[in-house]
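At position 9 of the sequence shown the residue is numbered 17 (my numbering), and the sequence of numbers has no breaks.
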Amino acid sequence: MKTDKLLSALCYFSVLFAPFLLPLIVYFVTDDTETKSHAKKSFFSHVIPAITIIAYLFIFLGAAFAGQNELIGIVFLSGFPVVLIVNLIVFVWNIVKGIKILKTV
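Structure representation (structure tokens):
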């Protein structure tokens, strides 16, 4: 198995153990353009869950500090499932992309 393919797959699988760190390291260390491309894509796919969680917390805590109890319930009941589904889709997408890269040996 080529090292470049393994590094590319590890960038996607790093969602399990080092979401931001490994893709950044691979991006700056490697010289292969395809591996850099996969590292960049995996890094941005690891950023999506962080952004959704931060946005959800910002809206939820903003409603809580404003004292709007009705809005807190709406945000919690409607926002939490959306964040959960988006993060689950991104997680599965990363695993599938890593497997696809490993299969193209």
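No residue lacks a Cβ here, since even glycine has one placed at the ideal position from N, Cα and C.
Query raised in the report: Excluding five sequence neighbours on each side, which residues of the same chain lie with their C-beta closer than 6 angstroms to the C-beta of P57?
Result: For the purposes of this step, residue 57 is identified with residue 49 of the sequence shown, where counting begins at 1. Closer than 6 angstroms at the Cβ level, and outside the excluded window around P57, lie N95, V98.
Query raised in the report: Which residues in the same chain as F68 place their Cβ atom closer than 8 angstroms to its Cβ, once the five residues preceding and following it in sequence are excluded?
Result: Reading the sequence shown from its first residue, position 60 is the one you call residue 68. Answer for F68: I80, V83, F84, G87, listed in chain order.
**Report entry** Assigned exposure category for K44 - 16 Cβ within 10 Å defines buried
**Finding:** The count along the sequence shown starts at 1 and reaches residue 44 at position 36. K44 is buried by the Cβ-count criterion.
Query raised in the report: Where does A26 sit, in a helix, a strand or coil, going by DSSP?
Result: Residue numbering aside, residue 26 sits at position 18 when the sequence shown is read from its first letter. Three-state result, A26: coil.
Query - Cα-Cα separation between V34 and L15, rounded to whole angstroms - result: Position 26 of the sequence shown holds residue 34. Position 7 of the sequence shown holds residue 15. So the two alpha carbons sit approximately 7 angstroms from each other.
Requested in this report: Would you check if the distance between the CB atom of V30 and the CB atom of C19 is smaller than 8 angstroms?
Outcome: In the sequence shown, counting from the first residue as 1, residue 30 sits at position 22. In the sequence shown, counting from the first residue as 1, residue 19 sits at position 11. Note that residue 30 is Leu in the sequence shown, not Val. Cβ atoms of L30 and C19: closer than 8 angstroms.
Query - Straight-line gap, T11 to D40 (C-alpha atoms, nearest Å) - result: Residue 11 sits at position 3 when you count from the first residue of the sequence shown. Residue 40 sits at position 32 when you count from the first residue of the sequence shown. Taking the straight line from one Cα to the other gives about 10 angstroms.
Query raised in the report: Using the C-alpha atoms, what's the distance from V90 back to E42?
Result: By 1-based counting over the sequence shown, the position of residue 42 is 34. By 1-based counting over the sequence shown, the position of residue 90 is 82. Each residue's Cα considered, the two are about 32 angstroms apart.
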